[in-house]
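K.L.:
First, the structure itself, so that you have it in front of you.
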């Protein structure tokens, strides 16, 4: 019985040892393939991708407009970030914010120069009749700020507040220096008047 139990334990240990460890090969292949695709897309946009590159460039320009130049960087950044942060809800939320930022940029370029591609035309065509051009600008700018806050994880209001506090501190210090300099000038003037009086009496 003891021998059988030892055999069972050894077989269990062997099975546990045979289990493959988590491999990073698949993730690395995905990242390298995405990098290659991003570089090829970038070359296509700049007219160095041959016949296929021309087709890809035309498609991206039609869809994204001026922001087509950002697509390769955005593609690689999002894929690499998601691969490096698996099973992380915040990572997917930030990736969604990056995609939304692209849509907002297309809308913004559509508003200022009508070069936002199909995405910009559709989004601006929905927002402009509903809230007007000025309202669309406001919504787009606010959403861009929100997306940047989500992506970077840094509060825009905190930076504004810190800059405001620094400006207030500098103004307060300058006011204190001015008061001190004014007091010193008054003392000098009073001492000069006192010296004149003494000379007059003499």
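In the numbering used here, the protein residues as written are 57 to 258. We put the beta carbon where it would ideally sit given N, CA and C, even for glycine.
1) Can you round the beta-carbon distance between residue 87 and residue 136 to whole angstroms, since I take them to be within the 8 Å contact cut?
2) Can you tell me whether residue 172 is buried or exposed, with buried defined as 16 or more other CB within 10 angstroms of its CB?
3) Taking the C-alpha atoms as reference points, what is the distance between residue 156 and residue 226?
4) Would you kindly work out how many angstroms separate the C-alpha atoms of residue 117 and residue 202, rounded to a whole number?
5) Tell me the rounded alpha-carbon separation between residue 7 and residue 199.
6) If we ignore side chains and look at the alpha-carbon of each, how far apart do residue 177 and residue 90 end up?
7) For the 8 Å Cβ check, are there 3 or more pairs between the stretch 155-170 and the stretch 89-106?
P.N.:
Per the coordinate set shown:
1) 5 Å
2) buried
3) 39 Å
4) 26 Å
5) Only positions 57 to 258 of the chain appear in this structure, which leaves residue 7 out of reach.
6) 28 Å
7) no
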